[in-house]
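The structure appears right after this line, and notes come after that.
Chains as they are written, first to last, in full-length UniProt numbering: chain A, 1 to 342; chain B, 1 to 394.
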């Protein structure tokens with residue numbers, strides 16, 4: 001009987017205590033998660049503040065939670081591997097999350113790699129799509145057929161007669177999501193034959209053994225590339241940087257992956273990483289500004305910063321300063337900012 | 001005559017009898033093979049997990065000279081020789097400014113100290129494939145080893161810290177405390193409610209359509225996928241009642257929902273096993289229903305109830321799926337100080353580590369599994385002991 005009373009008492013306590021919170025809550029993208037939680041740990045270890053809680057919910061899930069309410073129970077910060085959508089901004093406004101500050105911390109890049117001994121190869125995003133998609137257009141682009149390609153020169157006569165084998169991340173991986181976004185969805189979004197077949201954005205990867213899902217362990221892919229010199233592998237950019245002695249990158253539309261080419265936008269397989277701050281929580285939950293300052297600091301996201309060591313591609317120095325100024329001024333995000341640029 | 005009959009039996013039945021005997025033997029072998037297979041899977045699993053987990057209990061340490069200078073207060077990298085900043089653990093290095101803040105008398109001194117090594121160094125010293133240590137640092141570590149400045153000691157930090165993005169600093173304390181909090185809530189909610197429900201259904205309820213409907217539903221609930229309880233918990237406790245997301249309370253209540261049917265079923269079975277004669281004797285002496293149940297039936301059914309509850313709680317302890325939904329699968333490195341604070345639990349911690357890319361997490365994942373298994377085995381052993389000790393035969 002006592003137990004029941006205790007349990008009820010515990011339940012009743014909830015409504016009173018939920019208001020006071022001394023720990024930052026962060027949700028959002030699994031791609032930003034490693035950097036975000038790294039910063040959170042550094043904040044907890046080097047300051048009086050409690051270590052923020054970082055939950056990896058995916059960009060969409062994070063923004064949904066973030067915009068759901070302005071209560072003190074809702075997350076203070078959400079991470080995203082894409083920009084907030086206008087629709088999401090509208091939801092935020094409707095639910096009372098009026099003032100939001102947008103930050104960019106750096107870039108996430110994907111490298112298409114091969115054994116260093118193999119002759120260099122240059123691919124376009126479209127050729128990559130045709131190599132990995134489950135369904136591709138037939139010759140006269142009138143209908144979708146199961147992917148028939150097994151050699152690169154079948155896709156484009158200019159490419160070498162080399163067997164298509166691609167070791168890539170499994171479906172659970174953030175890199176896989178990024179790859180699907182940048183190669184498949186990007187190309188099929190405005191491709192008539194896919195749209196006519198009822199696919200708004202086609203993102204299914206072939207399962208006939210040409211694309212080999214290779215587990216989260218990138219080391220395994222490197223070993224496979226060393227043995228199977230015809231194959232290509234898909235990694236997060238940071239991994240390529242650590243293994244330059246055994247693997248080299250394929251160029252995409254003539255450009256190889258490097259911090260510079262990612263920064264100036266010429267290397268296409270990259271995307272910006274964001275986080276959004278709920279301004280109404282600043283000052284109420286201690287440490288939000290300190291966390292954001294630390295995340296935006298040179299120590300974390302600078303060219304030789306600690307996040308760069310674990311795989312973040314830094315922003316150009318001018319952009320870092322720009323966002324730091326925004327953070328200081330708590331610049332408000334507006335609906336106009338999110339309109340696609342013409 | 002006798003002999004003839006025997007002979008007849010022998011001759012006529014022999015082929016068929018032998019056939020049946022062979023089938024018998026075969027059948028026994030199938031059973032043995034099945035048992036052997038199950039055992040070998042178990043042995044393989046244990047050998048694999050223990051083999052992977054053992055290195056996690058050893059942590060490489062490096063002997064370095066630490067300079068507690070004024071400069072180290074603002075830039076902790078200056079506290080050790082520049083070439084060593086990638087050899088020692090950054091998790092240790094960055095605590096130096098705070099240490100100097102707290103111990104101003106140490107400023108200006110310099111000591112030789114054994115400090116934890118970076119995880120890549122640790123993996124390199126343990127000779128694991130894919131240690132990821134750059135070759136220039138490898139030479140550094142080799143040199144240190146030559147000088148006897150590298151040692152391996154018991155990894156006490158694994159039991160004293162929470163999650164970390166640096167494997168050498170990652171431990172299970174926060175998750176273990178979280179598991180205890182969550183399970184306490186589950187126990188406090190599920191056991192009383194479950195036992196009372198079972199007592200009502202078994203001792204008081206009349207057998208009609210309505211109670212039979214409830215029975216069928218309870219049995220069904222025990223078998224639905226646990227992730228559905230997560231969705232239920234999210235809707236009721238977090239969205240409707242306003243319990244903080246990721247808290248032990250939210251997780252505990254959700255797991256209590258999941259455990260309830262199991263406890264009800266086990267309790268009912270235990271109550272049913274108490275002979276009717278005991279109840280009749282109590283009634284015969286003029287006891288009320290309450291007295292009969294409370295003084296006679298319940299104490300006799302207790303071992304069964306306890307066993308059922310412990311097994312139900314052990315299952316709740318190993319559960320992750322519903323906890324993802326209520327937000328407990330997150331980076332939460334500090335042990336909670338109340339049931340309303342964000343918490344993670346052991347199985348969630350194991351899962352989080354298993355998805356990390358750095359090699360140092362592999363052995364930590366296995367070590368986490370080992371700890372979880374030990375706790376679960378001891379819970380189950382306790383259930384068996386309780387049952388054996390107070391088992392009654394009528």
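Glycine residues also receive a C-beta, built at the ideal position from the N, C-alpha and C atoms.
It should be emphasised that the depicted structure is a prediction, and the values quoted were computed from it without experimental measurement.
Do residue i and residue j have their C-beta atoms closer together than 7 Å?
i	j	result
residue 28(A)	residue 315(A)	no
residue 247(A)	residue 269(A)	no
residue 378(A)	residue 167(A)	Residue coverage of chain A in this structure runs from 1 to 342, which leaves residue 378(A) outside it and unanswerable.
residue 70(A)	residue 109(A)	no
residue 56(A)	residue 33(A)	yes
residue 204(A)	residue 143(A)	no
residue 292(A)	residue 327(A)	yes
residue 26(A)	residue 54(A)	yes
residue 168(B)	residue 97(B)	no
residue 250(A)	residue 145(A)	no
residue 262(A)	residue 313(A)	yes
residue 259(B)	residue 190(B)	yes
residue 317(B)	residue 348(B)	no
residue 376(B)	residue 53(B)	no
residue 319(B)	residue 268(B)	no
residue 119(A)	residue 233(A)	no
residue 86(A)	residue 276(A)	no
residue 52(A)	residue 42(A)	no
residue 256(B)	residue 308(B)	no
Between the options, which has its C-alpha nearest residue i's C-alpha?
i	options	result
residue 177(A)	60(A), 146(A), 96(A), 121(A)	60(A)
residue 119(B)	88(B), 108(B), 352(B)	88(B)
residue 289(B)	352(B), 205(B), 143(B)	205(B)
residue 250(B)	91(B), 263(B), 236(B)	236(B)
residue 180(A)	226(A), 145(A), 222(A), 130(A)	130(A)
residue 330(B)	219(B), 291(B), 163(B)	163(B)
residue 252(B)	178(B), 239(B), 79(B), 297(B)	178(B)
residue 223(A)	116(A), 87(A), 30(A)	116(A)
residue 141(A)	245(A), 189(A), 182(A), 194(A)	194(A)
residue 180(B)	257(B), 372(B), 280(B), 292(B)	372(B)
residue 199(B)	218(B), 264(B), 214(B)	264(B)
residue 380(B)	315(B), 105(B), 266(B)	315(B)
residue 161(B)	91(B), 386(B), 280(B)	91(B)
residue 308(A)	24(A), 36(A), 139(A), 22(A)	36(A)
residue 93(A)	66(A), 297(A), 103(A), 113(A)	66(A)
residue 64(B)	57(B), 151(B), 135(B)	151(B)
residue 408(B)	67(B), 220(B), 102(B)	No information on residue 408(B) is available, as it lies outside the stretch 1 to 394 that chain B covers here.
Along the beta strand (DSSP E) that carries residue i, what are the first and last residues, could you check?
i	result
residue 114(A)	100 to 115
residue 141(B)	Segment 135 to 146 is the alpha helix (DSSP H) holding residue 141(B); no beta strand (DSSP E) there.
residue 432(B)	Because residue 432(B) is not part of the residues shown, which for chain B are 1 to 394, the question remains open.
residue 233(A)	232 to 236
residue 146(A)	144 to 146
residue 70(B)	Segment 70 to 74 is the alpha helix (DSSP H) holding residue 70(B); no beta strand (DSSP E) there.
Which one or two residues does DSSP pair with residue i in a beta bridge?
i	result
residue 79(A)	28(A), 275(A)
residue 151(B)	61(B)
residue 270(A)	109(A)
residue 326(A)	Its beta-bridge partners do not exist; DSSP assigns none.
residue 153(A)	DSSP output for residue 153(A) lists no bridge partner at all.
residue 352(B)	Residue 352(B) pairs with nothing; no bridge assigned.
residue 205(A)	133(A)
residue 123(A)	252(A)
residue 194(A)	The partner list for residue 194(A) (beta bridge, DSSP) is empty, contrary to what the question assumes.
Along the chain, where does the alpha helix (DSSP H) containing residue i start, and where does it finish?
i	result
residue 374(B)	360 to 389
residue 293(A)	288 to 296
residue 247(A)	Taken as a continuous stretch (DSSP letters only), residue 247(A) belongs to no alpha helix (DSSP H), being part of the beta strand (DSSP E) at 247 to 249.
residue 280(B)	276 to 284
residue 224(B)	No alpha helix (DSSP H) contains residue 224(B), which DSSP labels as neither H nor E.
Counting only beta-carbon separations shorter than 7 Å, does residue i have a partner in chain E?
i	result
residue 334(B)	Annotation note: the requested chain E is absent from the structure, which comprises protein chains A and B.
Inter-stretch contact (C-beta, 8 Å, three-pair minimum) for the region 211 to 229 of chain B and the region 156 to 174 of chain B: no
Sufficient close CB pairs (3 or more, under 8 Å) joining the region 275 to 293 of chain A to the region 74 to 92 of chain A: yes
Any 3 or more C-beta pairs closer than 8 Å across the region 34 to 45 of chain B and the region 359 to 366 of chain B: no
Inter-stretch contact at 8 Å, needing at least 3 Cβ pairs: the region 157 to 174 of chain B / the region 329 to 336 of chain B: yes
Cβ contact (3+ pairs, closer than 8 Å) linking the region 134 to 146 of chain B and the region 316 to 326 of chain B: no
Validate contact between the region 341 to 356 of chain B and the region 282 to 297 of chain B using beta carbons, cut 8 Å, 3 pairs: no
Given 8 Å, three or more beta-carbon pairs between the region 268 to 275 of chain B and the region 295 to 302 of chain B: yes
Segment contact flag, the region 73 to 80 of chain B with the region 92 to 112 of chain B, C-beta cutoff 8 Å, min 3 pairs: yes
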